[in-house]
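Below: the structure, in structure tokens.
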DNA sequence: ACTATTTGATATGACCAATAACGATTATCG
DNA sequence: CGATAATCGTTATTGGTCATATCAAATAGT
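Residue numbers (the numbering used here), protein chains in the order written: chain A, 2 to 172; chain B, 2 to 172.
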């Protein structure tokens, strides 16, 4: 993609507001055209904002959205191997290795060689990992999702979630 | 982020469906846990799908979502400079250079040194660029957005767009 | 005039996505 | 059994995007 996370758009050039005449007549706001009707564009924009807020809310725990989702999934499905966890998150197995290295290096989870199949690793959280995850969940609920509820309202938030799930599933 | 575009998630391991007993009792679906309630997660997932479809719909014209948005913006705001266009799209100026190089190389737009300010380039579409843009808009309307309407329904699509705009604006 | 700022551009680094390939292990099946 | 194929985690590598610092040229401010 291309839409940046920090190059805040529509900064609107507050410099030279209300010009005292004499200029090519434009110099005003830039017209978005049918861009405002493009679902994909708004989708991307909203996603970047939401992720940004998520990261800010998690700053004290230093967890990215992806890391959070991995911890969550391992906690809910202890003993699954890397391929299974990576696949359900849409992460390719090669790229999942470094990610697990990081989490395991922080002692949030462990790889345990499976007894049945000595090729695979059974993944599970450490006590520390469960503690961090619990704190992370609280932060998400009280800071992140709470803010979403403020902006959207509970009903809209639920409706939005439903539509997004529909898109991710049936599109 | 981390969610991949092609590592299709929830492939669900159709191998070994309906096992004839005798297994560690799990081996079934992986539990998503509160991940299904995480707005950011669904947002990302949906965004990747929509962009993927956009790219497929545009395959004949070879336009990415970002390139399409640039052409659209230049068409609606001819004569603006690179900084202005890049900023409103959330693209950083350095990263916008190669993008314009590509579009200009395909003769879809041109940079014209400004007479007033000889530092800046006035951007405008070529005739070819306008032609491509017109065809692109048709493809988006008849293939891409039409499909979104099918899956969501017109009312839901409008509501979704509104909520996403709200998020991108007020969040 | 002198300094500061702006514009487009270059170079570079960090990170993510994607593919191919490898060693170790397990499954298949003739 | 034994050969072949498939799977698991891993490494290496490539291409793409995002971000920062910096530059020369041009302009603005004083």
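Even for Gly, the Cβ is constructed at its ideal location relative to N, Cα and C.
- When the Cα atoms are used, residue 123 of chain B and residue 112 of chain B turn out to be separated by approximately 6 Å.
- Using a Cβ-Cβ cut-off of 8 Å, residue 51 of chain B is close to 40, 41, 44, 168 and 172 of chain A, given in chain order.
- Here residue 143 of chain A is exposed, its C-beta having fewer than 16 other C-beta atoms within 10 Å.
- For the stretch 54-131 of chain A, the full-length beta strand (DSSP E) segments reaching 3 residues or more read 110-114 and 122-126 along the chain.
- Residue environment for residue 139 of chain B: exposed (fewer than 16 other C-beta atoms within 10 angstroms of its C-beta).
- Annotated three-state conformation of residue 48 of chain B is helix, per DSSP.
- Secondary structure of residue 31 of chain A (DSSP, three-state): coil.
- Within a 10 Å sphere around the beta-carbon of residue 48 of chain A sit 16 or more other beta-carbons, which makes this residue buried.
- Between residue 155 of chain B and chain A, the shortest Cβ-Cβ separation is not below 9 Å.
- Per DSSP, residue 141 of chain B is not a residue of any alpha helix (DSSP H), being assigned neither H nor E.
- Residue B:64 holds the alpha-carbon nearest to the alpha-carbon of residue 100 of chain B among B:154, B:64, B:38 and B:145.
- Those residues of the stretch 122-144 of chain A placed with their C-beta closer than 8 Å to a C-beta in chain B are 138 and 141, ordered along the chain.
- If you draw a straight line from the Cα of residue 93 of chain B to the Cα of residue 87 of chain B, it comes to about 6 Å.
- Cβ-Cβ distances below 8 Å link residue 98 of chain A to 83 in the same chain, with the five nearest sequence neighbours on each side left out; the list follows chain order.
- Counting only residues of its own chain and dropping the five nearest sequence neighbours on each side, residue 80 of chain B has a CB closer than 6 Å to the CB of 123.
- Not a single C-beta of chain A is nearer than 9 Å to the C-beta of residue 147 of chain B.
- Shortest Cα-Cα distance from residue 51 of chain A to any of A:172, A:158 and A:33 involves A:158.
- Any Cβ of chain B closer than 9 Å to the Cβ of residue 111 of chain A would place that residue at the interface, and such an atom is absent.
- Considering only A:38, A:37 and A:62, the residue with the shortest C-alpha distance to residue 132 of chain A is A:62.
- Residue 74 of chain A and residue 90 of chain A do touch by the CB rule: their CB atoms are close to 7 Å apart, below 8 Å.
- Assignment of residue 39 of chain A by DSSP, reduced to helix, strand and coil, places it in the coil class.
- By the criterion of at least three beta-carbon pairs nearer than 8 Å, the stretch 102-118 of chain A is not in contact with the stretch 52-59 of chain B.
- The residue from B:46, B:36 and B:68 with its alpha-carbon nearest to that of residue 96 of chain B is B:68.
- Residue 160 of chain A places its beta carbon less than 9 Å from that of residue 164 of chain B.
- Listed in chain order, the positions of the stretch 54-68 of chain A with a beta carbon within less than 9 Å of a beta carbon of chain B are 54, 55, 65, 66, 67 and 68.
- Nearest to residue 40 of chain A by alpha-carbon distance, out of B:120, B:134 and B:149, is B:149.
- The beta-carbon of residue 70 of chain B is placed less than 9 Å from the nearest beta-carbon of chain A.
- Per the coordinates, the alpha-carbon of residue 147 of chain A lies some 17 Å from the alpha-carbon of residue 60 of chain A.
- Taking a Cβ-Cβ cut-off of 7 Å, the neighbours of residue 81 of chain A in chain B comprise 31, given in sequence order.
- Closest by C-alpha distance to residue 77 of chain B, out of A:35, A:141, A:77 and A:168, is A:35.
- The beta carbon of residue 109 of chain A sits closer than 7 Å to those of 72, 126, 127, 129, 130 and 133, all from its chain and outside the five residues before and after it, given in chain order.
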